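In the order they appear, the protein sequences are chains A and B. Residue numbers for the first sequence follow the numbering used here, so the first one is 8 and each next one is one higher. Residue numbers for the second sequence follow the numbering used here, so the first one is 116 and each next one is one higher. No residue lacks a Cβ here, since even glycine has one placed at the ideal position from N, Cα and C. What you are looking at is a predicted structure, and each value in this text was computed from that prediction instead of being measured. First the structure, in the form of structure tokens, and then the observations on it.
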Amino acid sequence: GAGVSQSPSNKVTEKGKDVELRCDPISGHTALYWYRQSLGQGLEFLIYFQGNSAPDKSGLPSDRFSAERTGGSVSTLTIQRTQQEDSAVYLCASSRYRLDEKLFFGSGTQLSVL
Amino acid sequence: EDQVTQSPEALRLQEGESSSLNCSYTVSGLRGLFWYRQDPGKGPEFLFTLYSAGEEKEKERLKATLTKKESFLHITAPKPEDSATYLCAAGNDYKLSFGAGTTVTVRA
């Protein structure tokens, strides 16, 4: 596609439910990143994929968070047993290679946990 | 721990009133200093990458500069369409550490 696509754009869920957030990167981009943006805060790094491998998962806040990438393309971020503090905008970005190239961001998924 | 601090948090300008945004960083193994623009409800949009102290880059009314500890984004004669949040990020091998951003509002 022309840009990074994320779905859904908005997700409202109840505390304790599981959610899945999807990211379709730009075709041919090998690197994929997930960031979280809370109100008034900077973007917080969550995880980085090179191809289907995740060399760095250090930013995942807890073991309730997991992510995978398949076919070197689509990525899914899963949050289990959601908590109110998980409410934020989850942003996905991709780049052709590692950080030598600029990142292209999607518009994000606004997650609200009630 | 990697740290990026931006100031001011908010900046209100009259159209045509030039100003500068500051980004100070402490990042081990810095590979690049990035500036992004973010409009409400959208993801950040890339503006510049700076790789070494003394480097400058320009795009329309924006100019970014880099020293060993700081970067500045200068906005010359801003227009209302320059209103946005400007994010600074410092990158090591593959990870960007972002500042909280400066929200710029330009009044006509």
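Test: residue i CB closer than 9 Å to a CB of chain B
{"i": "alanine 61 of chain A", "result": "no"}
{"i": "phenylalanine 112 of chain A", "result": "yes"}
{"i": "leucine 50 of chain A", "result": "yes"}
{"i": "arginine 76 of chain A", "result": "no"}
{"i": "glycine 115 of chain A", "result": "yes"}
{"i": "glutamine 57 of chain A", "result": "yes"}
{"i": "valine 19 of chain A", "result": "no"}
Beta-carbon proximity list for residue i, same chain, < 7 Å, skipping 5 on both sides
{"i": "alanine 192 of chain B", "result": "Gly131, Ser133 and Arg176"}
{"i": "glycine 66 of chain A", "result": "Glu51, Phe52, Leu53 and Ile54"}
{"i": "tyrosine 201 of chain B", "result": "Leu136, Trp150, Arg152, Leu188, Gly216, Thr217 and Val219"}
{"i": "tyrosine 97 of chain A", "result": "Leu28, Trp41, Arg43, Leu84, Gly115, Thr116 and Leu118"}
{"i": "serine 7 of chain A", "result": "As displayed, chain A neither begins before 8 nor continues past 121, which places residue 7 of chain A out of reach and without an answer."}
Within-9 Å CB hit, residue i to chain A
{"i": "valine 221 of chain B", "result": "no"}
{"i": "tyrosine 151 of chain B", "result": "yes"}
{"i": "alanine 204 of chain B", "result": "yes"}
For residue i, three-class secondary structure by DSSP
{"i": "proline 195 of chain B", "result": "helix"}
{"i": "glutamine 87 of chain A", "result": "coil"}
{"i": "glutamate 170 of chain B", "result": "coil"}
{"i": "aspartate 93 of chain A", "result": "helix"}
{"i": "glutamine 48 of chain A", "result": "coil"}
{"i": "proline 15 of chain A", "result": "coil"}
{"i": "arginine 29 of chain A", "result": "strand"}
{"i": "aspartate 63 of chain A", "result": "strand"}
{"i": "glycine 158 of chain B", "result": "coil"}
{"i": "histidine 189 of chain B", "result": "strand"}
{"i": "tyrosine 209 of chain B", "result": "coil"}
{"i": "glutamate 75 of chain A", "result": "strand"}
{"i": "threonine 182 of chain B", "result": "coil"}
{"i": "glycine 216 of chain B", "result": "coil"}
Neighbourhood of residue i by C-beta, 6 Å cutoff - its chain only, sequence neighbours within 5 removed
{"i": "arginine 29 of chain A", "result": "Ser14 and Thr83"}
{"i": "alanine 61 of chain A", "result": "Ile54"}
{"i": "leucine 121 of chain A", "result": "Glu21"}
{"i": "tyrosine 166 of chain B", "result": "Gly147"}
{"i": "arginine 127 of chain B", "result": "Thr220"}
Beta-carbon neighbours of residue i, restricted to chain A and to distances below 8 Å
{"i": "threonine 81 of chain B", "result": "Nothing in the structure corresponds to residue 81 of chain B, since chain B is present only between 116 and 223."}
{"i": "histidine 144 of chain B", "result": "Sequence check: residue 144 of chain B is glycine here, not histidine. Chain A residues near glycine 144 of chain B: none, gap ~11 Å exceeds 8 Å."}
{"i": "alanine 215 of chain B", "result": "Gly47, Gln48 and Gly49"}
{"i": "aspartate 197 of chain B", "result": "Chain A residues near aspartate 197 of chain B: none, gap ~19 Å exceeds 8 Å."}
Residue burial classification, residue i (beta-carbon count within 10 angstroms, cutoff 16)
{"i": "alanine 95 of chain A", "result": "buried"}
{"i": "arginine 88 of chain A", "result": "exposed"}
{"i": "lysine 210 of chain B", "result": "buried"}
{"i": "alanine 179 of chain B", "result": "buried"}
{"i": "valine 19 of chain A", "result": "exposed"}
{"i": "proline 68 of chain A", "result": "exposed"}
{"i": "glycine 49 of chain A", "result": "buried"}
Proximal chain A residues relative to residue i, where beta-carbon distance stays under 9 Å
{"i": "phenylalanine 161 of chain B", "result": "Lys109, Leu110, Phe111 and Phe112"}
{"i": "leucine 211 of chain B", "result": "Tyr40, Tyr42, Leu50, Phe52, Ala100, Leu106 and Leu110"}
Interface residues of chain A facing residue i [CB-CB closer than 7 Å]
{"i": "lysine 174 of chain B", "result": "The contacting residues do not exist; lysine 174 of chain B stays about 13 Å from chain A at best."}
{"i": "lysine 157 of chain B", "result": "Ser114"}
Contacting residues, own chain, Cβ-Cβ under 8 Å from residue i (five flanking each side not counted)
{"i": "glycine 10 of chain A", "result": "Ile33, Phe111 and Gly113"}
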